[in-house]
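See structure below.
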Amino acid sequence: MRERLLWFITRPERDPATHLEALLALRDATDNFKVKWSGNREAHLNYEQSLIKYGVKRENISRDGSGGRTWAAMLKTFAYCYTNTEGFLIPTRVGQSLLSKHKVAENIKKQILTLQIPNAYFLESGFKPKFAEGFQIRPARFLIKLTNQESLDYYVTKKEITYFALKAQKDTDLEKVTEEIKKFRSASPPEQESIKAEIAQVFDHRERSDKGARAFEIAHSDVAHTFMLICNYTGLVEYIRGDALRIDPEKSQEIQEAVEFHDERYPFNTRYMISLERMAESNGLDVDRYKASKMGSIKQATNRSKMQRKIDRMLEGIPNPSVLSVNDLKQILESELPSREAEVAAEMIVSQELASISSEFVRSYLAETNDRIFEDKTAEIFKALGFEVVMRPKSVNLVRTEVEILLKYGLNSCAIIDAKMYRPKFALPAHLISHMASEYIPNYDKFEGRNVEFFGYVTVADFGGEKGLEKITRTVYEKTLPGRNIRGIMITASALLAFLDYCMEENLNNDERVELFLRSIKNKGYKSFGQLLNNVTSLE
Numbered sequence: 006m007r008e009r010l011l012w013f014i015t016r017p018e019r020d021p022a023t024h025l026e027a028l029l030a031l032r033d034a035t036d037n038f039k040v041k042w043s044g045n046r047e048a049h050l051n052y053e054q055s056l057i058k059y060g061v062k063r064e065n066i067s068r069d070g071s072g073g074r075t076w077a078a079m080l081k082t083f084a085y086c087y088t089n090t091e092g093f094l095i096p097t098r099v100g101q102s103l104l105s106k107h108k109v110a111e112n113i114k115k116q117i118l119t120l121q122i123p124n125a126y127f128l129e130s131g132f133k134p135k136f137a138e139g140f141q142i143r144p145a146r147f148l149i150k151l152t153n154q155e156s157l158d159y160y161v162t163k164k165e166i167t168y169f170a171l172k173a174q175k176d177t178d179l180e181k182v183t184e185e186i187k188k189f190r191s192a193s194p195p196e197q198e199s200i201k202a203e204i205a206q207v208f209d210h211r212e213r214s215d216k217g218a219r220a221f222e223i224a225h226s227d228v229a230h231t232f233m234l235i236c237n238y239t240g241l242v243e244y245i246r247g248d249a250l251r252i253d254p255e256k257s258q259e260i261q262e263a264v265e266f267h268d269e270r271y272p273f274n275t276r277y278m279i280s281l282e283r284m285a286e287s288n289g290l291d292v293d294r295y296k297a298s299k300m301g302s303i304k305q306a307t308n309r310s311k312m313q314r315k316i317d318r319m320l321e322g323i324p325n326p327s328v329l330s331v332n333d334l335k336q337i338l339e340s341e342l343p344s345r346e347a348e349v350a351a352e353m354i355v356s357q358e359l360a361s362i363s364s365e366f367v368r369s370y371l372a373e374t375n376d377r378i379f380e381d382k383t384a385e386i387f388k389a390l391g392f393e394v395v396m397r398p399k400s401v402n403l404v405r406t407e408v409e410i411l412l413k414y415g416l417n418s419c420a421i422i423d424a425k426m427y428r429p430k431f432a433l434p435a436h437l438i439s440h441m442a443s444e445y446i447p448n449y450d451k452f453e454g455r456n457v458e459f460f461g462y463v464t465v466a467d468f469g470g471e472k473g474l475e476k477i478t479r480t481v482y483e484k485t486l487p488g489r490n491i492r493g494i495m496i497t498a499s500a501l502l503a504f505l506d507y508c509m510e511e512n513l514n515n516d517e518r519v520e521l522f523l524r525s526i527k528n529k530g531y532k533s534f535g536q537l538l539n540n541v542t543s544l545e
């Protein structure tokens, strides 16, 4: 199956004005989200009945509940809810706000303007075909910016959206799409047909023999229509039904400022790289909670986007720059920025209204190829979690054994962390089991008078050999440190990042973060945040 090369949104055509009723109907059909959703055909059929009761669906029920699943997919697309690892639908904060009928129109508008590809729903295993890897776009914002241009006479037709806008993969494709539309408008009818046929041949992912432009337009114009419909709901553009999106030129500046406000307040979300649940929760924040971009309202005399990229690059080794002091940040930034610009940027970063994990750190950490840098970045995460970190310390008895990361916490406790950058999978082998039990733990016990209380492995990708954790605990208890019950943890880098992201969003202090992490030390492995969530009861 070919990857999607065009935007997609769940169908049939749905007016955002029905989002509230659709969510209320889902709550009723699942007994306030207590009924398992995944694989539960009865719940899917009950949802269809509930939608009919709320007047948002015609009085016909599908045989297998597919209608209910499609409506639920729409709600997940806009991050009003998500499916957890146990198969239950969980309403996000914005979903809860709608259910409470709090700022309904404002919250729906926010979800439309923060809708992005990829998002948590589009990355679910059941969503097929998948979008091509290059997608990183906010469709509604893109269409509003596209329409709000004098060079296009402040309108974009449904046909132009179908053939040109739907294939844009990045927000930065705006100029390219604009030029394609201008060229199309100036072309002769035969030339236009040729352009459409070429696009249909290249970009239609559907497995069918008919790749003609007419079939392409029929198949995808309803997607264009739905995107036009949701853009109209924002009030920033007007949808002349079946025809075009239009903007009153006199309102152009006002609309530009509104979109820029959302660009600053709601930057592109990369949490899909660490956890689909964290992605859904973050995209599902209501209008009373938001993630500020690091540059905030800094007005640079030079090119702002270049300045942003420079700062991002300098800070990509720090999970949460906003927790540093202004002086610490200024010292880092002054390596490449003039002192005054470094100070202004540092002040803006520290003054973020809601601390958030750095998307640049996420990208660089998960894609890291250097063992030592991966260890250093792993240590930065543990620092952000509230542990005091010692890198590559000498052992108590000064033998050559050297751990990569030692964590200090509490009055007299410490832990050993081994960062493993094995792709595609780290399997805990016998010699490393022996090494941890017979050398690392006994040689670092009593480091600065502290007892080793746990050990762990952080893996850049998948892992196996979880049962080896229990073997290490047993060997230590029976042989190397008799009577000491020292347990371990295996956790992927993405799950560790997701845990940190959760702690930040919940505004937990360092002591609370450490305490929460310690509850996960159960000789278990965690490949996802969902698994961790299920094992740390206080997260509920």
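The sequence shown begins at 6 in this note's numbering and counts up one residue at a time. Glycine included, every Cβ here is placed at the ideal spot set by N, Cα and C.
Measuring CA to CA, which of the options is closest to residue i?
i	options	result
Glu8	Tyr85, Phe93, Lys172 and Ala145	Lys172
Leu179	Pro194, Glu203 and Arg143	Arg143
Ala78	Glu111, Phe431 and Leu31	Leu31
Ala113	Thr239, Gln154 and Leu329	Looking at the sequence provided, one finds Ile at residue 113 rather than Ala. Comparing Cα positions, the closest option is Thr239.
Glu230	Thr90, Pro487 and Ala145	Reading the sequence as shown, one finds His at residue 230 and not Glu. The option with the nearest alpha carbon to His230 is Ala145.
Gly131	Ser102, Lys164, Gly92 and Val99	Gly92
Ser280	Tyr507, Asp209, Glu155 and Gly139	Tyr507
Asn512	Tyr277, Asn274, Glu111 and Ala389	Ala389
Leu528	Asn490, Leu505 and Arg518	Correcting the residue type first, residue 528 is Asn in the shown sequence and not Leu. Comparing Cα positions, the closest option is Asn490.
Arg405	Asn375, Glu444 and Ser369	Glu444
Lys115	Val395, Phe13, Ile421 and Ala263	Ala263
Leu537	Leu437, Arg283 and Leu433	Arg283
Glu265	Asn539, Lys150 and Ala420	Lys150
Ala110	Asp209, Thr97, Phe232 and Asp291	Asp291
Ile95	Gln197, Glu155 and Glu286	Glu286
Leu416	Arg318, Ala432, Ile422 and Arg455	Arg455
Gly70	Glu185, Phe208, Gln336 and Ala34	Ala34
Pro326	Ser344, Glu352, Ile57 and Lys256	Glu352
Lys58	Asp317, Cys236, Cys86 and Ala27	Ala27
Arg3	Asn375, Glu409, Thr275 and Phe504	Since the first residue of the chain shown is 6 and the last is 545, residue 3 is not available in this structure.
Glu407	Leu250, Gly60, Asp450 and Leu342	Asp450
Leu371	Ser344, Leu486 and Thr497	Thr497
Arg377	Val355, Gly322 and Glu393	Gly322
Ser67	Thr82, Gly60 and Arg46	Arg46
His440	Tyr414, Lys108, Thr485 and Lys164	Thr485
What is the C-beta distance between residue i and residue j, in whole angstroms, given that I count them as a contact (C-beta under 8 Å)?
i	j	result
Tyr462	Lys425	6 Å
Ser226	Thr177	Not confirmed; about 25 Å, so no contact.
Gly488	Thr478	So it is not a contact: roughly 12 Å between Cβ atoms.
Met495	Glu471	6 Å
Ser400	Asn448	4 Å
Phe273	Pro324	Contact flag wrong, Cβ pair sits at about 18 Å.
Thr152	Ile252	5 Å
Is it true that the CB of residue j sits closer than 8 Å to the CB of residue i?
i	j	result
Ala347	Glu339	yes
Ala170	Leu148	yes
Ser364	Leu320	no
Gly473	Lys430	no
Gly247	Gly100	no
Ala202	Leu10	no
Tyr271	Leu128	no
Val465	Glu373	yes
Glu88	Ser55	First, the amino acid is wrong: residue 88 is Thr here, not Glu. Not in contact: Thr88 and Ser55 (Cβ atoms no closer than 8 Å).
Phe460	Pro398	no
Ala500	Phe534	yes
Val541	Gly391	no
Gln141	Lys175	yes
Lys476	Ile422	no
Ile186	Ala192	no
Leu502	Ile386	yes
Ile14	Phe232	yes
Run through the DSSP bridge pairs and tell me what residue i is partnered with.
i	result
Thr425	Note that residue 425 corresponds to Lys in the displayed sequence, not to Thr. Answer by DSSP bridge pairing, in chain order: Thr464.
Val394	Leu412
Phe459	Ala420 and Arg492
Thr23	Partner(s): none; Thr23 has no beta bridge.
Glu243	Arg251
Tyr482	Tyr482 pairs with nothing; no bridge assigned.
Thr162	Ala249
Ala432	Gly469
Tyr238	Per DSSP, none; premise fails for Tyr238.
Arg9	Phe136
For the ligand GDP, is there any heavy atom lying closer than 7 Å to the beta carbon of residue i?
i	result
Phe93	Ligands are entirely absent from the displayed structure, and the ligand GDP is therefore not among its contents.
Runs of 3 residues minimum, wholly inside the stretch 40-102: which ones carry the beta strand (DSSP E) assignment? 86-88 and 94-96
Which complete alpha helix (DSSP H) runs does the stretch 329-367 hold, if anything under 4 residues is left out? 331-338 and 344-355
Length at least 4, wholly inside the stretch 111-187: the alpha helix (DSSP H) runs in chain order: 144-152 and 163-168
3-residue-minimum beta strand (DSSP E) runs that sit fully inside the stretch 518-543, ordered along the chain: 529-531
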